[in-house]
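Protein chains in written order, with the working numbering: chain A, 487 to 826; chain B, 793 to 988.
Built from N, CA and C at the ideal position, the CB exists for glycine as well.
Take a look at the structure:
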């Protein structure tokens, strides 16, 4: 009984309608799942993870008041049921009803047109006055962003940058998820916050890479202070130095000026990087999905690929490792020689 | 289909025959969840409310031409969604933008409240928020339909104009990302997750 659950992992289980009901406290499901757990005690941790997932996917409710619902209903009613009744009445009394009704309809529309125009005006005000500015790039896109203080951000593909334009003049704080190169105008403090760590600067230029578990900061000019989210390590680096998060530690290394933010020139360099992260960058730049076997993901690669031709880029990665590639519309398949 | 779904189908049939009470009942049953779904597509509440009004007015006007449908909830959701997207596009053109931007589905996971209760500090919450932003707008919307509005996959497909596999992928990938975030933050919020 209920064998279909035996091979599910936590994310699959968390999508099952019955399981969701149980995780949300539906007593009717209690028996079924308890007995399944008794038969499959090794599934305890999967169930715990799945429950945790279901419980975390709760959204903030936007409250909707009864009055609002009534108000909208009154408008709907006026345009539907009430209107029908009116038509029926006037049809009975006046043969010329058709034109009359439509004229009345136009008069009735006037307050709504006015209201709509007013609402539109406020919507635009709201839109323009909104404090939070955010730039979100899909795979294959890059963008140069001018900040209110004339600092410049080069945002790499599949990245998101957000800041509050209202308070930016007083406090320069940006939230980054992905990779970006910053050229900062001199001024008060300038802070880049990301999931794994943050960077404090005065006037300078530097690159931040913060994706998945990787956090890396390379300083091109000036001086920046880097601190980690976990463990609260702090390191100050100057021009041509970089730090990368390794476990809870920030490991420092020196770089040449040309090495920093080469992605801006459309070049992606790797040194002993696993193929998984190399192809993750490839996916972000070419907006294609890469498929390969799990064994290949951990192979190490040193070299670089360039933007432009998909084929050339794939060749640059695959040739040194003796791998084959096959390009389909939105997909690329990577395989090793032996498997062919 | 659950009992509620059946009831809504009955309402639907009665509306087709011109039953105005069934029409009001349908509105009362769905308006709150449709509104709070719509509010997440744009900060402009008036636009959402006008769209909902248009939707029901049109529904009544073409009641005699309505056909049988699989899910009332999905039908209403997809209709509202199309109306809002159209209205946003119009508004964007009005203020002189070159092209209509896609809407952004804003829905904050309620985890923030829990963290505040557990006295997690301001900056860590900001970081968690960053992590949650790794969910794409579409993933967020699919998760919302599934877990907040309680839709099954067929209803999600219809609501988002997607095929079955794409709808499943959206939810699976969203969940997988959440799972990663949980793993990544376990160290920081260990105490919090122990209480689950």
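Using beta-carbon positions only, say whether residue i and residue j come within less than 8 Å of one another.
i: residue 747/A; j: residue 704/A; result: yes
i: residue 686/A; j: residue 658/A; result: no
i: residue 821/B; j: residue 843/B; result: no
i: residue 673/A; j: residue 690/A; result: no
i: residue 830/B; j: residue 872/B; result: yes
i: residue 943/B; j: residue 876/B; result: no
i: residue 745/A; j: residue 788/A; result: no
i: residue 947/B; j: residue 865/B; result: yes
i: residue 711/A; j: residue 700/A; result: no
i: residue 897/B; j: residue 562/A; result: no
i: residue 782/A; j: residue 800/A; result: no
i: residue 678/A; j: residue 668/A; result: yes
i: residue 488/A; j: residue 517/A; result: no
i: residue 971/B; j: residue 496/A; result: yes
i: residue 823/B; j: residue 555/A; result: yes
i: residue 817/A; j: residue 775/A; result: yes
i: residue 559/A; j: residue 819/B; result: yes
i: residue 958/B; j: residue 937/B; result: no
i: residue 724/A; j: residue 682/A; result: no
i: residue 670/A; j: residue 620/A; result: no
i: residue 641/A; j: residue 660/A; result: no
For the beta strand (DSSP E) holding residue i, just list the boundary residues, first then last.
i: residue 692/A; result: 691-697
i: residue 448/A; result: What the structure shows of chain A is the stretch from 487 to 826, and residue 448/A is not part of that stretch, so it cannot be assessed.
i: residue 789/A; result: 786-792
i: residue 525/A; result: That residue, residue 525/A, is in no beta strand (DSSP E); its alpha helix (DSSP H) goes 516-525.
i: residue 730/A; result: 727-732
i: residue 756/A; result: 753-760
i: residue 548/A; result: Per DSSP, residue 548/A belongs to no beta strand (DSSP E) and is neither H nor E.
i: residue 811/A; result: 809-813
i: residue 504/A; result: No beta strand (DSSP E) holds residue 504/A; the alpha helix (DSSP H) holding it covers 503-509.
i: residue 929/B; result: No beta strand (DSSP E) holds residue 929/B; the alpha helix (DSSP H) holding it covers 929-935.
i: residue 640/A; result: 638-641
i: residue 775/A; result: 775-777
i: residue 632/A; result: 629-632
Residues of chain B with a CB under 7 Å from the CB of residue i: which are they?
i: residue 565/A; result: 849
i: residue 680/A; result: 922
i: residue 749/A; result: Under the 7 Å cutoff, chain B gives no residues; its nearest Cβ is about 20 Å from residue 749/A.
i: residue 550/A; result: 824, 827 and 828
i: residue 627/A; result: Residues of chain B passing the Cβ test: none, with the nearest at roughly 13 Å.
i: residue 561/A; result: 845
i: residue 547/A; result: 828
i: residue 555/A; result: 823 and 824
i: residue 820/A; result: Going along chain B, no residue has its Cβ under 7 Å from residue 820/A, so there is no contact; the nearest lies around 21 Å.
Since residue i is in the alpha helix (DSSP H), which residue starts that stretch and which ends it?
i: residue 849/B; result: 837-853
i: residue 532/A; result: 530-542
i: residue 648/A; result: Premise fails: residue 648/A lies in the beta strand (DSSP E), 646-650, not in any alpha helix (DSSP H).
i: residue 710/A; result: Where residue 710/A is concerned, there is no enclosing alpha helix (DSSP H), although the beta strand (DSSP E) it sits in stretches over 709-714.
i: residue 815/B; result: 812-830
i: residue 952/B; result: 945-952
i: residue 620/A; result: Per DSSP, residue 620/A belongs to no alpha helix (DSSP H); it is in the beta strand (DSSP E), 618-622.
i: residue 499/A; result: 496-499
i: residue 783/A; result: 780-783
Using a Cβ cut-off of 8 Å, pull out every chain A residue sitting near residue i, in sequence order please.
i: residue 963/B; result: 501
i: residue 971/B; result: 496, 497, 535 and 539
i: residue 737/B; result: Residue 737/B cannot be examined here, being either before or after the span of chain B that is shown, 793 to 988.
Show which residues of chain B have a CB atom less than 8 Å away from the CB atom of residue i.
i: residue 769/A; result: Residues of chain B passing the Cβ test: none, with the nearest at roughly 14 Å.
In chain A, which residues lie with their C-beta within 7 Å of the C-beta of residue i?
i: residue 852/B; result: 566
Could you work out which residues of chain B lie near residue i, taking near to mean beta carbons separated by less than 9 Å?
i: residue 783/A; result: Going along chain B, no residue has its Cβ under 9 Å from residue 783/A, so there is no contact; the nearest lies around 16 Å.
i: residue 631/A; result: Residues of chain B passing the Cβ test: none, with the nearest at roughly 16 Å.
i: residue 506/A; result: 938, 939 and 942
**Three-pair Cβ contact test at 8 Å for the segment 647-665 of chain A versus the segment 727-734 of chain A** = The segment 647-665 of chain A, when compared against the segment 727-734 of chain A, does not touch it at the 8 Å Cβ threshold.
**Message:** Across the segment 958-965 of chain B and the segment 925-937 of chain B, are there enough close Cβ pairs to call them in contact, namely three or more that are closer than 8 Å?
**Reply:** These segments touch.
**Request:** Please confirm if the segment 794-814 of chain A is in contact with the segment 820-840 of chain B, defined as three or more CB-CB distances below 8 Å between the two stretches.
**Result:** As far as the Cβ criterion goes, the segment 794-814 of chain A does not touch the segment 820-840 of chain B, which means the pair count is below three.
**Item:** Within 8 Å of chain A by C-beta, residues of the segment 812-845 of chain B in sequence order
**Value:** For the segment 812-845 of chain B, residues whose beta-carbon sits nearer than 8 Å to a beta-carbon of chain A comprise 812, 815, 816, 819, 820, 823, 824, 827, 828, 831, 832, 835, 836, 838, 839, 841, 842, 844 and 845.
**Request:** Could you name the residues of the segment 926-953 of chain B whose beta carbon sits closer than 7 Å to any beta carbon of chain A, in the order they occur along the chain?
**Result:** Taking 7 Å as the Cβ-Cβ cut-off against chain A, the residues of the segment 926-953 of chain B that qualify are 926, 935, 936, 939, 940 and 944.
**Item:** Cβ-based contacts, 9 Å cut-off: residues of the segment 636-663 of chain A near chain B
**Value:** Those residues of the segment 636-663 of chain A that come within reach of chain B (Cβ to Cβ, closer than 9 Å) are 646, 648, 661, 662 and 663.
**Request:** Inspect the CB distances between the segment 501-513 of chain A and the segment 537-544 of chain A and report whether three or more fall short of 8 Å.
**Result:** Under the Cβ criterion (8 Å, minimum of three pairs), the segment 501-513 of chain A counts as touching the segment 537-544 of chain A.
**Request:** Pair every Cβ in the segment 768-775 of chain A with every Cβ in the segment 627-646 of chain A, then say whether three or more of these pairs are closer than 8 Å.
**Result:** Touching, yes.
**Asked** Given a limit of 7 Å on CB to CB distance, which residues of the segment 718-749 of chain A reach chain B?
**Response** Hits within the stretch: zero.
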